[in-house]
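Worksheet: one structure, shown below.
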Amino acid sequence: MPMRYAHIDVVHQEVPGEISLCFSITGCPLRCMGCHSPHTWKAGSGKLLTAPHYQKLLQQYQGFASCILFMGGEWHPETLINYLKEARQLGYATCLYTGENSVAPMILQQLTYVKLGPWIPNLGGLNNTKTNQQFIEVSTGKKLNHLFIAHDKIKHRTSQ
Ligand code: SF4
């Protein structure tokens with residue numbers, strides 16, 4: 001089955017320090033309770049992310065976005081690996097948000113960052129110190145969750 005997306009957005013907080021072009025891929029099989037985007041679960045829903053369309057977007061956003069972020073899509077390993085490679089060749093950082101606790105080494109090799117772990121409502125997301133989720137810089141293996149907590153505090157302070 002080919003890769004499809006529910007939406008494509010420019011996002012600023014999901015990958016600290018990067019402006020990311022974010023592809024929300026449909027067909028997530030994990031079905032976490034309390035998932036923020038159950039509309040993306042249905043396999044075969046959304047629009048086709050063809051290679052020419054993807055490549056055109058990479059070119060369009062070059063110099064504006066600095067990172068290509070996939071929200072899911074690890075269930076299309078071959079396509080995902082190719083798309084990540086193409087992004088890196090154009091100088092983008094790459095990131096995958098997955099609800100799994102690990103990803104295949106072939107995918108990991110093409111990632112600058114990875115967010116691991118399912119959504120568990122009472123543990124919260126990356127901006128919660130109790131979270132089960134981990135945001136990792138792949139080259140060093142460093143966990144960078146603190147960047148999300150700091151960002152949240154700054155945002156809170158400036159909004160007062
Ligand atoms: S991994 Fe993400 S998209 Fe998939 S069910 Fe869990 S929270 Fe929803």
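Residue numbering for the sequence shown follows full-length UniProt numbering, beginning at 1 and increasing consecutively. Just so it is clear, CB atoms sit at the ideal spot from N, CA and C, and this is done for glycine as well.
Please list the terminal residues of the continuous beta strand (DSSP E) segment that includes residue i.
| i | result |
| --- | --- |
| Lys130 | It is not in any beta strand (DSSP E) - Lys130 carries neither H nor E in the DSSP assignment. |
| Leu108 | Premise fails: Leu108 lies in the alpha helix (DSSP H), 105–108, not in any beta strand (DSSP E). |
Let me know the secondary structure DSSP gives residue i once reduced to three states.
| i | result |
| --- | --- |
| Leu144 | coil |
| His7 | strand |
| Thr94 | strand |
| Gln13 | coil |
| Ile81 | helix |
| Ile120 | coil |
Determine, using beta carbons only, whether residue i and residue j come nearer to each other than 8 Å.
| i | j | result |
| --- | --- | --- |
| Glu18 | Ala87 | no |
| Thr45 | Ser24 | Here residue 45 is Ser; the residue named in the question, Thr, does not match the sequence. Contact: no. |
| Pro77 | Met33 | no |
| Pro118 | Gly99 | yes |
| Gln134 | Asn127 | no |
| Met71 | Cys35 | no |
| residue 173 | Arg4 | The displayed coordinates of the chain run from 1 to 160. Any statement about residue 173 would go beyond what the structure contains. |
| Cys67 | Ser139 | no |
| Thr26 | Ala51 | no |
| Cys95 | Leu123 | no |
From which residue to which residue does the alpha helix (DSSP H) around residue i run?
| i | result |
| --- | --- |
| Lys42 | First-last for Lys42: undefined, no H or E at that position. |
Using the DSSP secondary-structure output, state which residues sit across from residue i in a beta bridge.
| i | result |
| --- | --- |
| Cys67 | Ser20, Ala93 |
| Leu48 | Arg4 |
| Tyr113 | Cys95, Glu137 |
| Ile149 | None; Ile149 has no bridge partner. |
| Gln62 | Ala65 |
Report the CB separation of residue i from residue j in whole angstroms; it is logged as a contact under 8 Å.
| i | j | result |
| --- | --- | --- |
| Gln110 | Leu84 | 4 Å |
8 Å is my cut-off, CB to CB: does residue i come that close to chain C?
| i | result |
| --- | --- |
| Phe64 | The chain labelled as chain C is not found in the depicted structure, where only one protein chain is given. |
Quick one: is the Cβ of residue i within less than 7 Å of any heavy atom of the ligand ZN?
| i | result |
| --- | --- |
| Ser102 | For the ligand ZN, the structure offers nothing, since it holds only the ligand SF4. |
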